[in-house]
Amino acid sequence: MNKKDNIFKEIFDKSPIGIFCYDKKGNLIDANPTALKIAGIDSIDDFKKVNLFDNPHIASRKVELLENGLINFQSQLNYDNIKNKGFYVPVKSGIAFIDWSVSVADSSFLVQIQDITESKEAENTLKESEAQFKVLIQNLQSGIALIDEGGKFAVVNPSFMRIFGLDKESDILNVNSQDWSRWEVYNENSKLLHVNEHPVRKAAIAGKPVMNQLVGVRNPGANRLTWMLVSAEPLLNENNRNNMIICTYYDITESKNSEMQINRQNKLLNGINKVFKESLTCETVENVVEKCLEVAEELTDSDFSFIGEVNENGRLDDLAISPPGWDACTTNLEKSRELISNMEIVSYWGRTVTEGKSQIVNDPDSDPDRRGIPEGHPPIKSFLGVPLKQGNRTIGLIALANKEGGYTEQDKNNIETLSVAFVEALKRKQAEIELKYTLDHLEEQVKERTLELEEAYKILKEKEIKYRSLYENAPVGIFHSTLDGKYIDVNPELARLLGYDSPEDLISTVNKTSIADVIYVNKNLRPGFLESALKAKAWFKTENRYRRKDGEIIIGDLSFRDLGNDNDGNPLLEGFMTDITTRKKSEEKLKEIIEELERSNNELESFAYITSHDLQEPLRTIASYAQLIERRYKDKLDPDADEFIEFMVDGSRRMKQMIQGLLDYSRVGTRGHEFTEFESEDALNYALSNLGTAISKADAEITSDELPVTFADKDQMVRVFQNLIGNALKFHREGLKPKIHISARKEDGEYIFSISDNGIGLEEQYSNQIFEVFKRLHAIGEYHGTGIGLAIVKRIIDRHGGRVWVESEPCVGSTFYFTIPTEKK
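Numbering follows this note's numbering, with no gaps: position 4 of the sequence shown is 34.
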């Protein structure tokens, strides 16, 4: 071999690429060591029996090979199959991935092979990783976006679409990431964010990560902000330039809103504290008002404000205008003060006083009650008015104006809460000024007034302490818990009710298992309570049996409701519980007593009816013989005998009337009819018809107002009117025409009827006795009757669930009242 052949031979043997040489029939001529290693051949002699075209991939493309002179492909080399099919006995097992290149060289074939198993496996691993990464991105709760080198959105996940209110990816893909025109973006202070302050923009400019920047986004058509933590991290290429930016958007709206609510509440509490604290050092009421206005403006972001007070003429005097309000006025000071004194209460601000309710007017020019503003008055763009109240009486208002974007319900609620503090601070300052005036002019009252002031201050401090310690010292058990039955916190009263030494003792004991397992006697009831409460979305009230630590069973009155979720999204409950064991026992005892009383009353009614009924017959016999003696022997015996006979006849007659009255009294509860709906005026007319003779004889004037439709026993209502009007006719004043008036009014779920007369009246001390059975205030011969009529009235009204009473003045007249419930029972 010459030198050139030696060089080619060395290249052939040391080549990292496997090389096979075949003749034109496909028989193996030679193979280098790399080819034998890849093919798993120990000796080339073992392989010479294998023809080139035994390879199905080469055989199927033989025509193409001969025409083009070259074919390339990749295929698996299964060593186990080669051995099983008897091609040759490879020294390897398993599968290898081979890259083939077969070419035609003169009258032979040259085959080059490379083992690409490792790169193929790496490629498959990469594909699997990419697939897993895509699944992860698609299922993340955080929004993910990839921004390409040109600054456009290249990839977004479903959470990104949800957070930004997008329906389809085409709405955002290939959109410039700096184009936020469709969204309103705010910083942590709820101010609009400049485009250069956007996290993506900052990361692109600086070329380094921006982590967890808080922004608020208002999606198109949405009323509320979506708060999120945004991170943007550039992905640099080999030239250390931005290749892509990966952005994450973590929705924290719920926690941010909770934080903002807490901040608003803290701001409100700080405002109240500021009012009380600074009012202590103010010299005048006007100074206190200015401090109140300062707090209100700060809390609502208002431009200016004023506080007005209703004067004795029913008009409004301005107590103070905030300094910004004075600055906005263009008229002179003297004229401005005239305008705000003794003002007519009109326009939308006047509704605050006349209706006694807060008013939000964010478009004053279109308000139906709008009035023009005085010359020099600053323009009103938005208005919030809150009444100042003392008890149920509106004594003035606090008015705020020109909040950018208009006022909200939250503003109204805050100022309503502040208004209580304002009134308290104003009244306290007025009391202090009055006290100072008294101290300056009445030296002898110094000690007394000082003590009063100290007591007032002490009470105020006590109220503040009670307010802060309400939870710890509440007289009812209070708790917060998770939905699955773990206490978060409890107050001392709940621990005491359940027999535990401290709240910590109760919480640690219960949380080892659950609330239901530890304190519920029947733990299976709790899931039903929870389901009902969560469905109702309101306070759920139930009475249940609970087990104390010492094993004693108590009955608790439990009220609880859904408190929303904590920062981790776990549902929470809050509730109150009181021990009603003693009350329930008392109720059971009272129920037994009532049942016994009802039984006793039924027996008494039956006894009264039977007794009065059975007495009728012997009484009729006595009366008949008394009358017979009177007819036969009157004027035939001495005067004493005639008088005795008259006493006997009169006594039997009165006894008959009393027995009949007692019989009527007993029949009220047993012989009454079913309640029906009827015109009260019809019952009155029946009664007047029955009393026609007595009315004519007394020449009485009887009038009535319009009476309502009632649900009652009509016959018994006729009896009530008849007895009360008959009573008024009986006890009229001699020489004075009787005047009787019947009226009715609706009040607190009942009709109140009244029957007024100008009769003899009665002393207040007898106003209850006259409704007792057989109770008379006059001698037997002075006025006829048995003394049972008013008792029957009371019994009828009691049956209807009403009340009866009298208001009277001797020698002036009486008014009898009775009530009938409006509800149909």
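Don't be surprised by glycine CBs; every beta carbon is placed ideally from N, CA and C. Everything numeric in this text was worked out from a predicted model, so none of it was measured.
What are the start and end residues of the beta strand (DSSP E) that includes residue i?
i	result
His-510	507-512
Tyr-52	48-53
Tyr-437	Counting along the chain, Tyr-437 falls outside any beta strand (DSSP E), and DSSP gives it neither H nor E.
Asn-753	Premise fails: Asn-753 lies in the alpha helix (DSSP H), 744-760, not in any beta strand (DSSP E).
Pro-417	413-420
Asp-136	Asp-136 -> no beta strand (DSSP E), and no H or E assigned at all.
Leu-244	240-248
Val-21	Look at the range of the chain in this structure, 31 to 855, and you will see that residue 21 is not part of it.
Going by DSSP, name the residue or residues bridged to residue i.
i	result
Arg-118	The sequence given here has Tyr at residue 118, not Arg. DSSP, once it has assigned bridges, lists no residue as partnering Tyr-118.
Glu-573	Asp-587
Pro-851	Glu-780
Asp-347	Glu-339
Lys-664	Beta-bridge pairing links Lys-664 to no other residue.
Pro-394	Per DSSP, none; premise fails for Pro-394.
Lys-488	Paired residue(s): none; Lys-488 is not in a bridge.
Trp-257	Gly-246
Asn-102	Ser-131
Ile-428	Ile-337 and Val-416
Asp-787	Ile-770
Thr-539	The partner list for Thr-539 (beta bridge, DSSP) is empty, contrary to what the question assumes.
Ala-262	Val-240 and Cys-277
Ala-126	Leu-107
Asn-28	Because residue 28 is not part of the residues shown, which for the chain are 31 to 855, the question remains open.
Val-739	Glu-709
So what does DSSP say about residue i, is it helix, strand or coil?
i	result
His-771	strand
Ser-285	helix
Ala-809	The predicted model places Ala-809 with a pLDDT of 46, which falls under 50 and marks its position as unreliable; any figure quoted below should be read in that light. Coil, per DSSP.
Leu-299	helix
Ser-388	coil
Leu-107	strand
Glu-837	strand
Ala-730	coil
Thr-155	helix
Glu-94	helix
Arg-400	coil
Ala-525	helix
Ala-175	strand
Gly-380	helix
Thr-856	Nothing can be reported for residue 856, as the shown portion of the chain is limited to 31 through 855.
Asp-145	strand
Phe-705	coil
Ile-375	coil
Glu-40	helix
Ala-671	helix
Leu-627	helix
Asn-597	coil
By Cβ distance below 7 Å, which residues in the same chain neighbour residue i in space, the five residues on each side in sequence not counted?
i	result
Thr-572	Phe-559 and Leu-588
Gly-436	Asn-392 and Ser-412
Glu-6	Beyond the ends of the chain as shown, which are 31 and 855, falls residue 6; an answer cannot be given.
Ala-809	The pLDDT assigned to Ala-809 is 46, lower than 50, so where the model puts this residue is not dependable, and the model offers no usable value.
Cys-312	Val-318, Lys-321 and Lys-459
Excluding five sequence neighbours on each side, which residues of the same chain lie with their C-beta closer than 6 Å to the C-beta of residue i?
i	result
His-830	Ala-742 and Ile-850
Leu-173	Correcting the residue identity first, residue 173 is Gly in this sequence and not Leu. So the list reads Ser-189, Phe-190, Ile-193 and Tyr-279, once near-sequence residues are dropped.
Val-750	Val-823 and Ile-826
Gly-507	Glu-523, Leu-524, Leu-527 and Met-607
For residue i, report the span of its alpha helix (DSSP H) as first-last.
i	result
Asp-60	Asp-60 -> not in any alpha helix (DSSP H); beta strand (DSSP E) instead, spanning 58-61.
Leu-820	819-829
Tyr-517	Note, Tyr-517: premise wrong, no alpha helix (DSSP H); beta strand (DSSP E) at 517-520.
Ala-566	555-566
Ala-717	710-720
Phe-77	74-77
Val-842	Unbroken run through Val-842: none, as it is neither H nor E.
Which same chain residues end up closer than 8 Å to residue i when comparing Cβ atoms and leaving out the 5 residues on each side of it in sequence?
i	result
Ser-220	Gly-246 and Leu-255
Val-453	Leu-418, Lys-419, Gln-420 and Ile-425
Leu-759	Leu-721, Ala-724, Ile-725, Ala-728, Ala-730, Pro-768 and Ile-770
Glu-780	Gly-832, Thr-849, Ile-850, Pro-851 and Thr-852
Ser-45	Asn-62 and Thr-64
Taking only heavy atoms of the ligand MN into account, decide whether any of them is closer than 7 Å to the Cβ of residue i.
i	result
Phe-42	The model depicted lacks the ligand MN and carries no ligand whatsoever.
Curious, which full-length beta strand (DSSP E) runs of at least 3 residues does the region 193-229 contain? 214-216
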